[in-house]
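Under this note's numbering, the first residue of the sequence shown carries the number 139, and numbering increases by one thereafter.
A short write-up of the structure that comes next.
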Amino acid sequence: MSTFQPPLTKAAGHLELTLHRITSGDLAGMFDGESTVTFDPNAPAVSIDSSALSGASPEAVRVVNACAGAWTEAMITNSDYGQRLVIYEEGWDNISSEADLQRMVESWKLARAYGLFNILVMHKISDLDMAGDQKSRMAAMARSLLADSDVKVIYRQDASALKVTMDELDLSDRERALIKSLDKGVGLWRLRESSFEVANDRSRAETPLFDTDERMRTLDITDEDATVLAGQGQS
């Protein structure tokens, strides 16, 4: 026979267990002490590197995202800090969290009021599906980010991703033909109803910063492995 628990009692129990994990459980040492990083909202650029969370539990990742999100929100919603570029480098990961997604939707809707230019980077349009089932609230929120973006930049994609991209963005016949023949580093920029073919021109200082193939060149990879990795890198 089960014992009835009032909603507040049940919620308090969940909170107690969560705090226990953070202070003396499997998440101890991550959030129960002074921060080792000084947050400077007046810095010209702030980068949050989450690579150390690789292999961490989903709960740890969510708590870190909540803390980082609070920092970011305090910075970008304060008019004293001027205009900002806000870049979400791994869009597929950001939209999988309801709290992060809600924060992003607000940032997109109030971009002018906050003085922001938001940039969401995704491997392919179908990454939006990671927000949830097609008819779910999170899926609708993710799609709203696409609809509220006046600027869309599309780079070379493999055939499987290309069809979804063309249909989702309702590209014209000219744009469809152009996107199929884009060279590496050349993108189709759509600014509302206009579109342009734009080539990236990186400086000598910028080139190593965007070199994502460095590990490919330092590893001893067989032809078979190279084929698999090259296929994954097309999207």
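The C-beta atom is built at its ideal place from N, Cα and C for all residues, glycine as well.
{"Check": "Where L155 falls: helix, strand or coil (DSSP)", "Outcome": "helix"}
{"Check": "Member of A269, K273, D271, W327 whose CA lies at the smallest distance from the CA of R294", "Outcome": "W327"}
{"Check": "For E335, three-class secondary structure by DSSP", "Outcome": "strand"}
{"Check": "Rounded straight-line distance, which links the Cα of M276 to that of T210", "Outcome": "21 Å"}
{"Check": "Range of the contiguous alpha helix (DSSP H) that encloses K290", "Outcome": "No alpha helix (DSSP H) contains K290, which is instead part of the beta strand (DSSP E) from 289-292."}
{"Check": "The segment 264-271 in contact with the segment 227-238 per 3-pair CB rule at 8 Å", "Outcome": "yes"}
{"Check": "Same chain, Cβ closer than 6 Å to G371, neighbours up to 5 away in sequence not counted", "Outcome": "In this prediction, G371 has a pLDDT of 38, which is less than 50 and means its spatial position is unreliable; what the coordinates show is noted afterwards. Taken in chain order, the list of residues that qualify is empty."}
{"Check": "Residue burial classification, R241 (beta-carbon count within 10 angstroms, cutoff 16)", "Outcome": "buried"}
{"Check": "Contact check, M168 vs A204, beta carbons under 8 Å", "Outcome": "no"}
{"Check": "Range of the contiguous beta strand (DSSP E) that encloses D226", "Outcome": "The identity of residue 226 in the sequence shown is Tyr, whereas the question assumes Asp. Per DSSP, Y226 belongs to the beta strand (DSSP E) from 222-226."}
{"Check": "As assigned by DSSP and simplified to three states, the class of R355", "Outcome": "helix"}
{"Check": "Continuous beta strand (DSSP E) stretch holding R328: start and end", "Outcome": "324-329"}
{"Check": "Rounded separation between L283 and V243 - CA only", "Outcome": "6 Å"}
{"Check": "Nearest to K290 (by Cα), restricted to the options L320, E344, E331, L239", "Outcome": "E331"}
{"Check": "CB contact flag (L165, V201, <8 Å)", "Outcome": "yes"}
{"Check": "Secondary structure of I214, DSSP reduced to three states", "Outcome": "helix"}
{"Check": "Between the CA atoms of G325 and H261 - distance to the nearest angstrom", "Outcome": "13 Å"}
{"Check": "Rounded separation between R312 and G229 - CA only", "Outcome": "28 Å"}
{"Check": "Three-state class that DSSP yields for F255 in the structure shown", "Outcome": "strand"}
{"Check": "CB of Y252 within 8 Å of CB of T303, strictly", "Outcome": "no"}
{"Check": "L347 burial status per 10 Å Cβ neighbour count (16 or more: buried)", "Outcome": "exposed"}
{"Check": "Whole-angstrom distance between E352 and A181, CA atom to CA atom", "Outcome": "29 Å"}
{"Check": "A149 versus S162: straight-line alpha-carbon distance, rounded", "Outcome": "20 Å"}
{"Check": "Option nearest E227 by Cα separation, candidates I257, E344, R314", "Outcome": "I257"}
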